Amino acid sequence: MTVKLKNIRPGVLIIADVKLRLDSGQAFETDSISPQMESALSAGRLARMDGKDDPRKRDESPPTGIQEEDLSGLTAAEAISRIGTEGDPDKLKAHLAGEKRRTVIDALKKRLTEVEGGAG
Numbered sequence: 001m002t003v004k005l006k007n008i009r010p011g012v013l014i015i016a017d018v019k020l021r022l023d024s025g026q027a028f029e030t031d032s033i034s035p036q037m038e039s040a041l042s043a044g045r046l047a048r049m050d051g052k053d054d055p056r057k058r059d060e061s062p063p064t065g066i067q068e069e070d071l072s073g074l075t076a077a078e079a080i081s082r083i084g085t086e087g088d089p090d091k092l093k094a095h096l097a098g099e100k101r102r103t104v105i106d107a108l109k110k111r112l113t114e115v116e117g118g119a120g
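Quick note on UniProt numbering: the sequence shown kicks off at 1 and runs consecutively.
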């Protein structure tokens, strides 16, 4: 599955793990999303050109009742991206209880620590 991403920062964006340098507004296509791309997506530095998983659209109307099922139906990279935008510790704990993928569990634990202010 090819994904088209775009640098939405006003300046240059470097994605070191794939040796990529993007000027402001520059778009590119990739077959897989690297960890640094995931981080840039969740931080709002990169945007998906197909509109899927756009953080601005998620914030306007977040699905509340279906979100737990969504993580199990997503790829690990997409689940980690969604975890990065979650701010409710109770939802993160609920996801953590049902998750089986190690990388997603690690992301859930890290995000839970961030949300709870390190006291967890």
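Using N, Cα and C, we set each Cβ at its ideal position, and we do this for glycine too. Computed from a predicted structure; not experimentally measured.
Limits of the alpha helix (DSSP H) - the one that V104 falls within: R102 to V115
Whole-number beta carbon distance between I105 and E114, since they are thought to touch under 8 angstroms: About 15 angstroms separates the two Cβ atoms, so there is no contact after all.
Integer-rounded CB distance, given that S81 should sit under 8 angstroms from S42: 5 angstroms
G25 versus L74: straight-line alpha-carbon distance, rounded: 28 angstroms
Residue 181 - DSSP class collapsed to helix/strand/coil: Because the chain here runs from 1 to 120, residue 181 falls outside it and cannot be looked at.
E29 to A94 span [Cα, whole Å]: 34 angstroms
Per-residue DSSP class, three states only, for R45: coil
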